[in-house]
Ligand SMILES: C[S@@+](CC[C@H](N)C(=O)[O-])C[C@H]1O[C@@H](n2cnc3c(N)ncnc32)[C@H](O)[C@@H]1O
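Residue numbers (the working numbering): 13 to 320.
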């Protein structure tokens with residue numbers, strides 16, 4: 013196996029997320045978010061010669077880290093197409109699926125990708141640069157009401173309405189195409205600590221650009237059909253919007269709270285296809301937090317496919 017590209021990414025909850033898969037040496041596993049390949053390498057170490065790992069990543073840069081290993085199948089696509097690509101590779105059902113959501117350190121620390129407020133660069137933020145709207149296009153084209161909703165729902169920005177109105181007035185005078193353009197444009201309306209404000213604003217844009225919540229829902233809904241009974245799902249999320257979706261899907265098999273009508277109905281609800289392996293999410297240890305402060309918001313949830 014070749015060494016990974018240096019400094020691509022420090023893997024979070026490495027032991028916890030891979031141990032949770034209860035890997036069988038001859039099993040077939042999915043790493044939905046290959047990134048720097050840290051989780052994938054650990055899975056491959058635990059697989060025997062007949063085991064297989066199918067790894068997804070929609071970012072071409074991630075494949076710089078590909079180990080030479082005939083047991084690895086690379087899928088350079090969005091994990092929202094999980095079922096389609098598993099079928100294509102002749103393995104409609106697998107023994108375990110791991111997803112480590114969000115961006116890699118490489119994506120975050122590469123100024124030209126536009127994910128970080130710390131560097132100047134184009135306002136891009138697409139994980140998959142083959143298509144789709146960039147952050148600059150969203151800021152340019154979204155109606156004020158949609159900008160408002162995006163900042164409020166995805167960034168929990170305190171003055172989302174004021175921010176949206178302000179950006180609409182600024183963009184009429186000059187285009188906002190770089191990280192520094194956006195920082196400068198926003199500075200008159202910042203509320204609270206600027207670093208926190210920018211982090212929330214950038215989170216909202218990133219979620220919108222990559223449709224992160226819609227994609228996560230589509231992915232989660234496909235997982236029960238793609239797992240053998242007893243197969244495990246191991247998902248690491250980095251903010252409460254994602255974690256809530258994962259938690260609800262594992263608990264109820266859907267993303268909404270049960271309606272009052274359903275609660276009062278005498279008909280029993282269909283059982284959820286997954287069951288939680290741990291009641292509470294697993295968080296990084298003090299040692300991991302010390303070694304990798306970026307792991308601080310990570311939450312791992314693990315579920316098992318119940319017999320259909
Ligand atoms: C946090 S990193 C994964 C790091 C990896 N577990 C490791 O140990 O190195 C997330 C990766 O998932 C990819 N990714 C995020 N959302 C994706 C999606 N919807 N489809 C495919 N890849 C995705 C990103 O491009 C990024 O490379």
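The beta-carbon is built from N, C-alpha and C at its ideal position, and this holds for glycine as well.
Computed from a prediction, not measured in an experiment: that's the story for all the values here.
{"query": "When you compare each of 287, 81, 79 to residue 258 by their alpha carbons, which one comes out closest?", "result": "287"}
{"query": "Is residue 16 helix, strand or coil when you go by DSSP?", "result": "At residue 16, the pLDDT of 47 sits below 50, so the modelled position is not reliable; the number obtained from the coordinates is stated separately. Note: residue 16 maps to coil in three-state DSSP."}
{"query": "Quick check on the DSSP output: what are the complete beta strand (DSSP E) runs of length 3 or more inside the region 56-127, in order along the chain?", "result": "64-68, 84-87, 106-112"}
{"query": "Going by beta carbon distance, what residues of the same chain come within less than 6 angstroms of residue 120, once the five residues before and after it are set aside?", "result": "127, 128"}
{"query": "Leaving out five residues before and five after residue 64 in sequence, what residues of the same chain have Cβ atoms less than 6 angstroms from its Cβ?", "result": "40, 83"}
{"query": "According to the neighbour-count rule (16 or more other Cβ atoms, all chains shown, within 10 Å of its Cβ), is residue 290 buried or exposed?", "result": "exposed"}
{"query": "Under a three-way DSSP split, which group does residue 186 fall into?", "result": "coil"}
{"query": "To which residues of the same chain is residue 58 closer than 8 angstroms at the C-beta, ignoring the five residues directly before and after it?", "result": "30, 35, 37"}
{"query": "Using beta-carbon positions only, say whether residue 294 and residue 312 come within less than 7 angstroms of one another.", "result": "yes"}
{"query": "In or out: residue 19 buried (at least 16 other Cβ within 10 Å) or exposed?", "result": "exposed"}
{"query": "Can you tell me whether DSSP reads residue 249 as helix, strand or coil?", "result": "strand"}
{"query": "Who are the Cβ neighbours of residue 241 in its own chain at under 8 angstroms, not counting the five residues just before and after it?", "result": "317, 318, 319, 320"}
{"query": "Can you check which of these residues, 44, 213, 280, 60, is closest to residue 169 by C-alpha distance?", "result": "213"}
{"query": "When the Cα atoms are used, what is the spatial distance from residue 68 to residue 21?", "result": "16 angstroms"}
{"query": "What does the Cβ neighbour count give for residue 148, buried or exposed, with the cut at 16 atoms within 10 Å?", "result": "buried"}
{"query": "Check residue 262 in the structure and name its three-state DSSP category.", "result": "helix"}
{"query": "Tell me which residue opens and which closes the beta strand (DSSP E) that residue 322 is part of.", "result": "For the chain, the structure presents residues 13 to 320; residue 322 sits outside this window and is missing."}
{"query": "Can you tell me where the alpha helix (DSSP H) holding residue 153 begins and where it ends?", "result": "147-153"}
{"query": "Distance, Cα to Cα, residue 103 vs residue 152?", "result": "43 angstroms"}
{"query": "Assign residue 274 to one of two classes, buried (16 or more other C-beta atoms within 10 Å of its C-beta) or exposed (fewer than that).", "result": "exposed"}
{"query": "Cα separation between residue 134 and residue 72?", "result": "18 angstroms"}
{"query": "Give the DSSP bridge partners of residue 288, in chain order.", "result": "315"}
{"query": "Considering only C-alpha positions, which residue in the set 236, 166, 200 is nearest to residue 211?", "result": "166"}
{"query": "Drop a sphere of 10 angstroms on the beta-carbon of residue 141, count the other beta-carbons inside from all chains shown, and report buried for 16 or more, exposed for fewer.", "result": "exposed"}
{"query": "Quick one: is the Cβ of residue 70 within less than 6 angstroms of any heavy atom of ligand 1?", "result": "yes"}
{"query": "Out of curiosity, what's the CA-to-CA distance linking residue 303 and residue 309?", "result": "14 angstroms"}
{"query": "Between residue 91 and ligand 1, is the CB less than 6 angstroms from at least one heavy atom?", "result": "yes"}
{"query": "Cβ of residue 322 versus every heavy atom of ligand 1: is any distance shorter than 6 angstroms?", "result": "The displayed coordinates of the chain run from 13 to 320. Any statement about residue 322 would go beyond what the structure contains."}
{"query": "Identify which residue in 159, 114, 155, 263 has its Cα closest to the Cα of residue 172.", "result": "159"}
{"query": "List the endpoints of the continuous alpha helix (DSSP H) containing residue 221.", "result": "206-221"}
{"query": "At a cut-off of 6 angstroms, would you count residue 139 as near ligand 1, judging by its Cβ distance to the nearest heavy atom?", "result": "yes"}
{"query": "Between residue 112 and ligand 1, is the CB less than 6 angstroms from at least one heavy atom?", "result": "yes"}
{"query": "Could you compute how far the alpha carbon of residue 281 sits from the alpha carbon of residue 272?", "result": "13 angstroms"}
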